[in-house]
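J.:
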Amino acid sequence: MRKLALDLGSRTCGFAISDELEVIAIGLDNFRFFEDDYEAVKNEVLRYMKEYKIDGIILGYPKKNDGSKSDSTYRVENFKDLLSKFIDIPIIYVDEQYSTKNAEKILIALGLTRQKRKNFKDKLAAQLILEDYLNYYRR
-14 MRKLALDLGS RTCGFAISDE LEVIAIGLDN FRFFEDDYEA VKNEVLRYMK
36 EYKIDGIILG YPKKNDGSKS DSTYRVENFK DLLSKFIDIP IIYVDEQYST
86 KNAEKILIAL GLTRQKRKNF KDKLAAQLIL EDYLNYYRR
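Spelled out as structure tokens, the structure:
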């Protein structure tokens, strides 16, 4: 079985998937959608669930530096509510603080142009979120 991780934004969603042994996180896609069209994101999740044997969704959970909720937090919570109406596998929040910034730093270090970074940033952020989850539960 595999885990599917999401880094959800207002117009993009990064996807990453684990290998079958749940050891390695692999970036899948930088999915672009119309602003706040989370139905499209839900459909993409359902498509991945059909394509791979997914037994859990890992959802990046954004918070402000002081730990309080932001607009992004509420967006993710609402998406979880939407998605849970269509699937019966666990949806697990993982702290995503700095995942996008760390992804950006990695891509800059690799020498990618701004345009190329834009194409990889969200799926790399999802991969980092999934790596955090896998490392935590591997202990």
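In my numbering, the protein residues as written are -14 to 124.
A virtual CB, placed ideally from N, CA and C, is assigned to each residue, including glycine.
Every value quoted in this text rests on a predicted model; they were computed, and no experiment measured them.
Please work out which residues of its chain come closer than 7 Å, Cβ to Cβ, to Ser69, disregarding the five sequence neighbours upstream and downstream, and give them in chain order.
T.: If you ignore the 5 residues before and after Ser69, its C-beta comes within less than 7 Å of the C-beta of Ile76, all in its own chain and listed in chain order.
J.: Check this for me: beta carbons of Phe16 and Cys(-2), under 8 Å apart or not?
T.: yes
J.: In angstroms, rounded to a whole number, what distance separates the CA positions of Leu115 and Gly45?
T.: 9 Å
J.: For a minimum of 4 consecutive residues, which ranges assigned as the alpha helix (DSSP H) are wholly contained in the region 40 to 69?
T.: 56 to 69
J.: Is it buried or exposed, Asp73, if we count other Cβ atoms within 10 angstroms and call 16 or more buried?
T.: Around the C-beta of Asp73, fewer than 16 other C-beta atoms lie within 10 Å, and the residue is accordingly described as exposed.
J.: Is it true that the region -5 to 10 meets the region 106 to 115, where meeting means three or more beta-carbon pairs spaced less than 8 Å apart?
T.: Yes, since at least three Cβ pairs between the region -5 to 10 and the region 106 to 115 fall closer than 8 Å, the two stretches touch.
J.: Classify Ser3 as buried or exposed, calling it buried when 16 or more other Cβ atoms lie within 10 Å of its own Cβ.
T.: Ser3 should be labelled buried.
J.: Excluding sequence positions up to five away, which residues of its chain have a Cβ less than 7 Å from the Cβ of Gly41?
T.: Lys(-12), Ile74, Pro75 and Ile77
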